[in-house]
Amino acid sequence: MTAWTRKHCVCTEVRNLDYDEAAAALKIKRRWLEDNISRLPHQKFGGNPAVFCMCDLRVIQAMQAVLPADALAVIEPVEPAKQTPTTPPVRALAAIKPAKGRGRAVAQV
Ligand SMILES: [Zn+2]
């Protein structure tokens, strides 16, 4: 079993929820948590049933979020500069300098 790094957990005190409490907090059926436990963040202490902290539930919530394109446009609006990333940057007029050596080459001809 791979141990979770628990970087997502910001709990400052232990307040774990059992299956029923987690299901109630998420407003879902306990059965869904049990059926999907192998791919959900949780804590497991030997033979005890899995337990969840609120951080685990936040990750589960994010995993199941349904965000249609219209919702994404509101949550992560595309900035005008990002809409045309292939456009080369416009050089300032002051940065444009005449090529060197052309005048002398013409004089030698
Ligand atoms: Zn936590």
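Going by the numbering used here, the letters in the sequence shown line up with residues 1 to 109, in that order.
No residue lacks a Cβ here, since even glycine has one placed at the ideal position from N, Cα and C.
Determine the DSSP secondary structure at residue i, reduced to helix, strand or coil.
i    : result
Q64  : coil
V59  : helix
A105 : At A105 the pLDDT is 49, less than 50, meaning the model places this residue with poor confidence; the figure from the coordinates comes in the next sentence. Of the three classes helix, strand and coil, the one that applies to A105 here is helix, per DSSP.
V10  : coil
L40  : coil
V78  : coil
Quick test of your reading: residue i and residue j, contact by CB under 8 Å. State the CB separation rounded to the nearest angstrom.
i   : j   : result
L26 : Q61 : 7 Å
A23 : K29 : 6 Å
Straight-line CA distance for residue i to residue j?
i   : j   : result
L72 : V66 : 10 Å
V74 : G47 : 45 Å
T12 : A92 : 53 Å
N36 : V10 : 23 Å
P49 : R6  : 18 Å
Q64 : D70 : 17 Å
Contact the stretch 67-80 vs the stretch 32-47: 3+ CB pairs below 8 Å
no
Indicate whether the contact test is met: 3 or more Cβ pairs, each with one atom in the stretch 55-75 and one in the stretch 8-25, closer than 8 Å.
yes
Give me the pocket residues for ligand 1, defined as CB within less than 7 Å of any heavy atom, sorted by chain position.
C9, V10, C11, C53, M54, C55, D56
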